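Enquirer: Got a structure for you, written out below as structure tokens; questions coming shortly.
Protein chains: 2
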Amino acid sequence: MSDTVKIPRFLLIKQYIENHIASGSWPVGTRVPSENDLAVSFSVSRMTARRALKELDDQGFLNRAPGRGSFVAKPQVRAPHIELRNVVQNIQNLGRYSCRIVSLDSIHADMFIAKTMRVNVDDELYKGVFVHLDANKPAQLEEIYVNPSLAPAFIKQNYQKVVADAYLNWVAQPNHTEYQLSAIMPSAAQRRQLELTHEGEGPCIKITKRHWAQELVISLSILINPSDSYHLGAEIT
Amino acid sequence: MSDTVKIPRFLLIKQYIENHIASGSWPVGTRVPSENDLAVSFSVSRMTARRALKELDDQGFLNRAPGRGSFVAKPQVRAPHIELRNVVQNIQNLGRYSCRIVSLDSIHADMFIAKTMRVNVDDELYKGVFVHLDANKPAQLEEIYVNPSLAPAFIKQNYQKVVADAYLNWVAQPNHTEYQLSAIMPSAAQRRQLELTHEGEGPCIKITKRHWAQELVISLSILINPSDSYHLGAEIT
DNA sequence: AAGTGGTCTAGACCACCAG
DNA sequence: TGGTGGTCTAGACCACTTT
């Protein structure tokens, strides 16, 4: 006799959605059926339909938003395991480091920051903006958001002496760090901070760095580097 | 007024378990409370306790087995060796790789190329231009210059099958690789090759890669990536 | 007001593993 | 046989967004 394998229903629903995405019939941005839709059309409880959508969300195939729906996500190419040399550390080793503190205070999380740092909108966060100088010339603009519950004294430190990143690594050892790299056109404010005088010219490299401790995001750093200032170290094979 | 934030119960359970793991009171291999145990002790339904355990399983903190229980997992050991893996290799692993050969011929070094490759002006070099495709969509534009004395058959290879970079690593093992990163505005030709025309204006990440063998430069690659396509993997400290 | 996703409950049946 | 995790149900309340 043929052994019929029992396939979980949530998997059938996942495959149904995946097929539509893979075949292109649901292009990026398409709204997929809601939990209730799927529950009805697959004759399944909402919790089961929900599981299918949630796992597709976790896997990056969907973006979901309360009150709006679930949408086909834009595929992202991942390149694992790249080390970015720390520009600031580099300058410090050369003995030319100094820091300009643009701001350092307590703020309330907007939607983007809240999502990225896994906190609620309007939660209190620390925010610091620094310009790292190499021989008194701006080398990097840093915008850092810190979860106060994990580093309550963050805002009281003297960042003329200690770099914010080093302080955080000390008080709340991250067990995980994520990097994301992109190229951007700096805003007028960013250009001013970096003293990029050439009008409108010059894209920058943006590095987004997220430190985790257990399940919590300790900090989110947004580093803006002028286009030509970022050199990666030599690597031996 | 003090806003009390509603914390989901499954999160409290997760944190409870994480704290025991992080503090060392539940070492690797320890059996953690079962779904039913947690449901009772936290006065919660089994589905809620289950969620906490399942997420910790997904995140690699626990190993679970039907009939046996949930156990503290051994911390994931990541390679301490840092590697810059290129986008192309990644796409190949996904089985979605293809390549469009824009040009492949013999040229004479201009001043910039000659200086960068440590050869004389007007020396003969091989030059290839490729568009690396991920599921038939451009993911990276590669411009590669090769020293013919170190890879004389470079120009005769079939790059539909073998990536130029892989071929070079095979015929002339580089003992040293340098990377340089910058942000650029793509030229009209580059935008066309990457099919960025519909996305309007946008900066790109440029990676310049130089392979050395002994004191000679084997190759110089200039890789252009659309601004948002480059995500870096997580890294354990 | 209607619809969406986020959380949660109090049950249920199953396959699996242990003593 | 009793406990474990894996799947599933048919409800529920909430915060949120859109209409």
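Protein sequences appear in the order of chains A and B.
So for the first sequence, this note's numbering puts the first residue at 1; every next one is plus one.
So for the second sequence, this note's numbering puts the first residue at 1001; every next one is plus one.
Note that beta-carbon positions come from the ideal geometry of N, C-alpha and C, so glycine has one too.
Note that the structure is predicted; figures quoted are calculated from it, not measured.
#1: Quick check: Thr-116 (chain A) and Phe-71 (chain A), are their CB atoms within less than 8 Å of each other?
#2: On the DSSP letters alone, give me the boundaries of the alpha helix (DSSP H) that Ala-1164 (chain B) sits inside.
#3: Using a Cβ-Cβ distance under 8 Å, would Val-1243 (chain B) count as near chain A?
#4: How would you list, in chain order, the residues of chain A whose beta-carbon sits under 7 Å from the beta-carbon of Lys-1014 (chain B)?
#5: Does any residue of chain B have a CB that is nearer than 8 Å to the CB of Ile-205 (chain A)?
#6: Would you say Val-77 (chain A) lies against chain B (beta-carbon separation less than 8 Å)?
#7: Do Leu-141 (chain A) and Gln-92 (chain A) have their CB atoms nearer than 8 Å?
#8: So with CB distances below 8 Å, who are the chain B contacts of Asn-120 (chain A)?
#9: So, with DSSP's three-state summary, where would you put Asp-123 (chain A)?
#10: Closest to Tyr-1179 (chain B) by CA distance: which of B:Thr-1208, B:Glu-1055 and B:Glu-1124 is it?
#11: From what residue to what residue does the beta strand (DSSP E) around Ile-224 (chain A) run?
#12: Any Cβ of chain B within less than 8 Å of the Cβ of Met-117 (chain A)?
#13: Within this structure, are the beta carbons of Arg-118 (chain A) and Leu-196 (chain A) separated by less than 8 Å?
#14: Using a Cβ-Cβ cut-off of 8 Å (strictly less than) and excluding sequence neighbours within five positions of Phe-1061 (chain B), which residues of its own chain qualify?
#15: Whose CA, out of B:Val-1005, B:Pro-1186 and B:Glu-1035, lies closest to the CA of Gly-1202 (chain B)?
#16: Please name the residue or residues paired with Glu-1142 (chain B) in a DSSP beta bridge.
#17: Using the beta-carbon count (16 or more within 10 Å), is Ile-284 (chain A) buried or exposed?
#18: So for Asp-37 (chain A), helix, strand or coil by DSSP?
#19: What are the boundary residues of the beta strand (DSSP E) that Tyr-16 (chain A) is part of?
#20: Closer than 9 Å between beta carbons: that is the criterion. Which residues of the region 1165-1177 of chain B meet it against chain A?
#21: Let me know the secondary structure DSSP gives Asp-1110 (chain B) once reduced to three states.
#22: In terms of alpha-carbon separation, which member of B:Glu-1035, B:Val-1028 and B:Pro-1027 lies closest to Lys-1014 (chain B)?
#23: Can you check whether the C-beta of Leu-194 (chain A) is within less than 8 Å of a C-beta belonging to chain B?
#24: Using a Cβ-Cβ cut-off of 8 Å, state whether Leu-1181 (chain B) counts as contacting chain A.
#25: Please list, in chain order, all residues of the same chain as Val-1032 (chain B) whose beta carbon is under 8 Å from its beta carbon, the five residues on each side excluded.
#26: Taking the alpha carbon of Val-1171 (chain B) as the reference point, which residue from B:Ala-1151, B:Gln-1190, B:Met-1047 and B:Thr-1177 has its own alpha carbon closest?
#27: Check the C-beta distance from Ala-1114 (chain B) over to Asp-1123 (chain B) and give it rounded, since I have them as a contact under 8 Å.
#28: In the DSSP assignment, find the unbroken beta strand (DSSP E) run with Arg-1191 (chain B) in it and report its ends.
#29: Expressed to the nearest angstrom, what Euclidean distance is found between the alpha-carbon atoms of Gly-67 (chain A) and Asn-158 (chain A)?
#30: Along the region 1017-1043 of chain B, what residues have a CB closer than 9 Å to any CB found in chain A?
#31: Is DSSP giving Leu-1062 (chain B) helix, strand or coil here?
#32: Starting from Phe-71 (chain A), trace the beta strand (DSSP E) in both directions and tell me its first and last residue.
#33: From the DSSP output, in three-state form, read off Gln-1092 (chain B) for me.
#34: For Thr-30 (chain A), which three-state DSSP category applies?
Expert: The relevant details are as follows:
#1: Reading the first sequence from its first residue, position 116 is the one you call residue 116 (chain A). Reading the first sequence from its first residue, position 71 is the one you call residue 71 (chain A). Result no, Cβ atoms of Thr-116 (chain A) and Phe-71 (chain A) do not sit closer than 8 Å.
#2: For the purposes of this step, residue 1164 (chain B) is taken as the residue at position 164 of the second sequence. If you look at Ala-1164 (chain B), you'll find it in the alpha helix (DSSP H) that goes 1164-1171.
#3: Chain B is shown only over 1001 to 1237; residue 1243 (chain B) falls outside these bounds and no answer can be derived.
#4: On the second sequence, position 14 is the one that residue 1014 (chain B) refers to. By Cβ distance, chain A contributes Glu-215.
#5: If you number the first sequence from 1, residue 205 (chain A) lands on position 205. For Ile-205 (chain A), the closest Cβ of chain B is nearer than 8 Å.
#6: Position 77 of the first sequence, counted from the start, is the residue given in the question as residue 77 (chain A). Any answer about Val-77 (chain A) is weak, because its pLDDT of 46 lies below 50 and its placement is not dependable; what the coordinates show is given next. For Val-77 (chain A), the answer is yes, since a Cβ of chain B falls inside 8 Å of its Cβ.
#7: Translated into positions along the first sequence, residue 141 (chain A) becomes position 141. Translated into positions along the first sequence, residue 92 (chain A) becomes position 92. Contact annotation: Leu-141 (chain A) and Gln-92 (chain A) have beta-carbon atoms that are not nearer than 8 Å.
#8: Position 120 of the first sequence, counted from the start, is the residue given in the question as residue 120 (chain A). Those are Val-1005, listed as they occur along chain B.
#9: Residue mapping note: residue 123 (chain A) aligns to position 123 of the first sequence, counting from 1. Three-state result, Asp-123 (chain A): coil.
#10: On the second sequence, position 179 is the one that residue 1179 (chain B) refers to. When only C-alpha atoms are compared, the closest one is B:Thr-1208.
#11: Reading the first sequence from its first residue, position 224 is the one you call residue 224 (chain A). For Ile-224 (chain A), the enclosing beta strand (DSSP E) begins and ends at 216-226.
#12: As a working note, residue 117 (chain A) is residue 117 in the first sequence. Residue contact with chain B for Met-117 (chain A): absent (no Cβ-Cβ distance below 8 Å to any residue of chain B).
#13: As a first step, residue 118 (chain A) is located in the first sequence; it is residue number 118 there, counting from the start. As a first step, residue 196 (chain A) is located in the first sequence; it is residue number 196 there, counting from the start. A distance of 8 Å or more separates the beta carbons of Arg-118 (chain A) and Leu-196 (chain A).
#14: Counted from its first residue, the second sequence places residue 1061 (chain B) at position 61. The beta carbon of Phe-1061 (chain B) sits closer than 8 Å to those of Ile-1017, Glu-1018, Ile-1021, Val-1072 and Ala-1073, all from its chain and outside the five residues before and after it, given in chain order.
#15: Position 202 of the second sequence, counted from the first residue, corresponds to residue 1202 (chain B). With distances taken between Cα atoms, Gly-1202 (chain B) lies closest to B:Pro-1186.
#16: Taking the first residue of the second sequence as position 1, residue 1142 (chain B) is located at position 142. When DSSP reads this structure, Glu-1142 (chain B) sits in a beta bridge with B:Phe-1130 and B:Leu-1223.
#17: Any question about residue 284 (chain A) goes unanswered here, given that chain A covers just 1 to 237.
#18: The residue given as residue 37 (chain A) occupies position 37 in the first sequence. Asp-37 (chain A): helix per DSSP, three-state reduction.
#19: Here residue 16 (chain A) refers to the residue found at position 16 of the first sequence. Per DSSP, Tyr-16 (chain A) belongs to no beta strand (DSSP E); it is in the alpha helix (DSSP H), 9-23.
#20: Residues of the region 1165-1177 of chain B with a C-beta less than 9 Å from any C-beta of chain A: Asn-1169, Gln-1173, Pro-1174, Asn-1175, His-1176 and Thr-1177, listed in chain order.
#21: As a working note, residue 1110 (chain B) is residue 110 in the second sequence. Reduced to three states, the DSSP call for Asp-1110 (chain B) is coil.
#22: By one-based count along the second sequence, residue 1014 (chain B) stands at place 14. For Lys-1014 (chain B), the closest C-alpha among the options B:Glu-1035, B:Val-1028 and B:Pro-1027 is that of B:Glu-1035.
#23: The residue labelled residue 194 (chain A) in the question sits at position 194 within the first sequence. No, Leu-194 (chain A) lies away from the interface with chain B (no Cβ there is under 8 Å from its Cβ).
#24: Here residue 1181 (chain B) refers to the residue found at position 181 when the second sequence is read from its first residue. With 8 Å as the cut-off, Leu-1181 (chain B) counts as an interface residue toward chain A.
#25: Against the second sequence, residue 1032 (chain B) aligns to sequence position 32. Cβ within range, chain order: Ile-1017, His-1020, Trp-1026, Leu-1053, Leu-1062, Gly-1069, Ser-1070, Phe-1071 and Val-1072.
#26: Taking the first residue of the second sequence as 1, we reach residue 1171 (chain B) at position 171. With respect to the C-alpha of Val-1171 (chain B), the residue from B:Ala-1151, B:Gln-1190, B:Met-1047 and B:Thr-1177 having the closest C-alpha is B:Ala-1151.
#27: Along the second sequence, read from residue 1 onward, the residue named residue 1114 (chain B) stands at position 114. Along the second sequence, read from residue 1 onward, the residue named residue 1123 (chain B) stands at position 123. Confirmed, about 7 Å.
#28: Indexing the second sequence from 1 puts residue 1191 (chain B) at position 191. According to the DSSP assignment, Arg-1191 (chain B) belongs to no beta strand (DSSP E) but to the alpha helix (DSSP H) extending over 1188-1193.
#29: In the first sequence, the residue the question calls residue 67 (chain A) occupies position 67. In the first sequence, the residue the question calls residue 158 (chain A) occupies position 158. Their backbone Cα atoms lie some 43 Å apart in a straight line.
#30: Under the 9 Å Cβ criterion, the region 1017-1043 of chain B contributes Glu-1018, Asn-1019, Ile-1021 and Ala-1022.
#31: Counting from one through the second sequence, the residue named residue 1062 (chain B) turns up at place 62. Three-state DSSP puts Leu-1062 (chain B) in a strand.
#32: One-based indexing of the first sequence puts residue 71 (chain A) at position 71. 69-72 is the extent of the beta strand (DSSP E) around Phe-71 (chain A).
#33: Residue numbering aside, residue 1092 (chain B) sits at position 92 when the second sequence is read from its first letter. The three-state secondary structure of Gln-1092 (chain B), taken from DSSP, is helix.
#34: Within the first sequence, residue 30 (chain A) is the residue found at index 30, counting from 1. Coil, per DSSP.
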